[in-house]
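Chemist: Dumping the structure here so I can ask a few things about it.
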Amino acid sequence: MGEGRLVAAPFLVKTYRLVDDPQTDNIISWGEQKKTFVVWRPKDLSRYLLPHYFNHNNFSSFVRQLNTYGFRKIARGRYEFGNELFKKGHEHLLCHIQRRKLPLTTQPMSTQQQQLSLSPSPSLSPSPSSSQISDCSAAVADHPICPPASSDSLAEENETLKRKNVMLSSELVRLQSICRGLLFFVNNQHNSQPMTGPDELIMQMDKRLDHHDSSPNESRSRSPPKLFGVPLYEENQVQSYKSSLENNTL
Numbered sequence: 001m002g003e004g005r006l007v008a009a010p011f012l013v014k015t016y017r018l019v020d021d022p023q024t025d026n027i028i029s030w031g032e033q034k035k036t037f038v039v040w041r042p043k044d045l046s047r048y049l050l051p052h053y054f055n056h057n058n059f060s061s062f063v064r065q066l067n068t069y070g071f072r073k074i075a076r077g078r079y080e081f082g083n084e085l086f087k088k089g090h091e092h093l094l095c096h097i098q099r100r101k102l103p104l105t106t107q108p109m110s111t112q113q114q115q116l117s118l119s120p121s122p123s124l125s126p127s128p129s130s131s132q133i134s135d136c137s138a139a140v141a142d143h144p145i146c147p148p149a150s151s152d153s154l155a156e157e158n159e160t161l162k163r164k165n166v167m168l169s170s171e172l173v174r175l176q177s178i179c180r181g182l183l184f185f186v187n188n189q190h191n192s193q194p195m196t197g198p199d200e201l202i203m204q205m206d207k208r209l210d211h212h213d214s215s216p217n218e219s220r221s222r223s224p225p226k227l228f229g230v231p232l233y234e235e236n237q238v239q240s241y242k243s244s245l246e247n248n249t250l
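Residues 1 to 250 in full-length UniProt numbering are what the sequence shown lists, from first letter to last.
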């Protein structure tokens with residue numbers, strides 16, 4: 001292939017004309033040796049010239065393109081770039097500037113990547129049939145999930161239990177008082193007073209019970225006292241105790 005058939009890259013041609021335009025020397029121009037070019041105002045270059053020549057306004061992209069064609073930054077402190085074939089008055093040399101080809105490096109697959117490539121794809125897993133879906137729906141309908149109890153209902157239940165506990169405690173105290181009174185009464189009758197008969201003892205016990213159980217608005221009851229709803233003694237036990245007293249007196 002002859003040299004006459006070589007064609008310069010469009011990027012190089014546009015860059016050469018951009019640098020060689022004397023009307024924009026305040027923004028971009030040739031260097032002192034005419035072998036380099038200097039970007040004096042990068043912001044103005046991006047705003048006014050790059051959109052006209054390259055259809056973009058990214059200065060960094062323009063610099064990356066220069067690097068791919070072998071341009072190097074010459075001086076520090078300013079944007080001055082050079083290439084041995086990029087010279088003023090030698091536009092015909094642009095066809096010899098070749099774009100760098102990045103080497104394609106093939107990296108071996110890691111063990112984890114190999115395992116991922118060998119593992120079955122999730123999309124190949126069998127999807128549940130319509131009958132399985134309907135069975136699951138029916139199971140959910142038969143066994144609905146109960147919502148958790150709210151804090152208000154728990155607090156109300158707690159208050160109810162507290163009230164019941166207070167009531168049971170007061171009843172227990174009352175029954176303990178009755179039992180102590182009965183023991184005191186029986187002890188006094190046995191030690192200090194002669195027993196005239198079982199009827200008198202039963203009557204005195206009934207009066208003692210009536211004194212603890214009755215109130216001005218309630219009628220007297222002959223039923224025995226209860227502890228947590230359970231009677232302390234049955235009526236037949238009183239009759240048995242009465243009979244035993246009669247037998248002892250005979």
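Using N, Cα and C, we set each Cβ at its ideal position, and we do this for glycine too.
I need the DSSP call for Leu18, collapsed to helix, strand or coil.
Modeler: Correct three-state label for Leu18: helix.
Chemist: What do you get for Asn67, buried or exposed, if any count of 16 or more other CB atoms within 10 angstroms of its CB means buried?
Modeler: Exposed, by the Cβ-count rule.
Chemist: Buried or exposed for Thr106, please, with buried defined as at least 16 other CB atoms from any protein chain shown within 10 angstroms of its CB.
Modeler: The predicted position of Thr106 is uncertain, since its pLDDT is 49 and thus under 50; a value taken from the coordinates is nonetheless stated next. Result: exposed.
Chemist: Please tell me whether Phe71 and Asn83 are closer than 8 Å, where the distance is taken between their beta carbons.
Modeler: Against a cut-off of 8 Å, the Cβ pair of Asn83 and Phe71 comes out as a contact.
Chemist: Based on the DSSP secondary-structure assignment, which residues constitute the bridge partners of Arg72?
Modeler: Answer by DSSP bridge pairing, in chain order: Gly82.
Chemist: Pull up the distance between the alpha-carbon of His92 and that of Arg17, whole angstroms please.
Modeler: The alpha-carbon atoms of His92 and Arg17 are separated by roughly 13 Å.
Chemist: Could you spell out where the beta strand (DSSP E) holding Ser46 opens and where it closes?
Modeler: Element bounds for Ser46: n/a, residue is neither H nor E.
Chemist: When you compare each of Gln65, Leu154, Val38, Leu45 to Lys87 by their alpha carbons, which one comes out closest?
Modeler: Of Gln65, Leu154, Val38, Leu45, the residue nearest in Cα terms is Val38.
Chemist: For Tyr48 versus Leu12, is the C-beta spacing smaller than 8 Å?
Modeler: No, the Cβ-Cβ distance between Tyr48 and Leu12 is not below 8 Å.
Chemist: To which residues does DSSP link Val38 through a beta bridge?
Modeler: Ser29, Glu80, per the DSSP bridge assignment.
Chemist: Is it true that the CB of Leu6 sits closer than 8 Å to the CB of Ile27?
Modeler: No, the pair does not count as a contact, with Cβ atoms beyond the cut-off.
Chemist: Comparing alpha-carbon positions, which option in Leu183, Thr36, Gln176, Leu175 lies nearest His90?
Modeler: Per the Cα distances, Thr36.
Chemist: At the level of alpha carbons, what is the spacing between Asn191 and Leu183?
Modeler: Whole-angstrom Cα-Cα distance: 12 Å.
Chemist: Assuming Val173 is part of the alpha helix (DSSP H), what are its boundary residues?
Modeler: First-last of the alpha helix (DSSP H) with Val173: 151 to 191.
Chemist: Cβ atoms of Arg100 and Ala9: under 8 Å apart, would you say?
Modeler: Cβ atoms of Ala9 and Arg100: not closer than 8 Å.
Chemist: Going along the chain, which residues of its own chain have a beta-carbon closer than 6 Å to the beta-carbon of Gln33, five neighbours each way excluded?
Modeler: Here the set comprises nothing.
Chemist: Assuming the contact rule is C-beta atoms closer than 8 Å, Lys14 and Phe62 should be a hit. Round their C-beta distance to whole Å, please.
Modeler: The Cβ separation is near 10 Å, so there is no contact.
Chemist: Could you tell me the alpha carbon to alpha carbon distance between Asp20 and Leu85, rounded to whole angstroms?
Modeler: Roughly 15 Å between the two C-alpha positions.
Chemist: Where does the unbroken alpha helix (DSSP H) through Leu50 begin, and where does it stop?
Modeler: Looking at the DSSP string, the run of the alpha helix (DSSP H) that includes Leu50 is 50 to 54.
Chemist: Here's the rule: buried if 16 or more other CB atoms are within 10 angstroms of the residue's CB, otherwise exposed. What is Leu161?
Modeler: When all chains shown are included, Leu161 counts as exposed.
Chemist: Closer than 8 Å by C-beta to Leu118: which residues in its own chain qualify, once you throw out the five before and the five after it? Chain order, please.
Modeler: Low confidence applies to Leu118: its pLDDT is 47, below 50, so where it sits in the model is not reliable enough to give any reading.
Chemist: Keeping to the same chain, check which residues put their C-beta closer than 7 Å to that of Gln65; ignore five residues upstream and five downstream.
Modeler: For Gln65, where only same-chain residues beyond five positions count, the Cβ hits under 7 Å are Phe11.
Chemist: So which of Ser169, Ser29, Asn187, Glu156 has the shortest CA-CA distance to Arg78?
Modeler: Of Ser169, Ser29, Asn187, Glu156, the residue nearest in Cα terms is Ser29.
Chemist: Quick check on Ile99: does DSSP put it in helix, strand or coil?
Modeler: Strictly speaking, residue 99 in this sequence is Arg, with Ile absent from that position. Arg99: coil per DSSP, three-state reduction.
Chemist: Alpha carbon to alpha carbon, how far is Phe185 from Glu159? Give it in angstroms, no decimals.
Modeler: Taking the straight line joining both Cα atoms gives about 39 Å.
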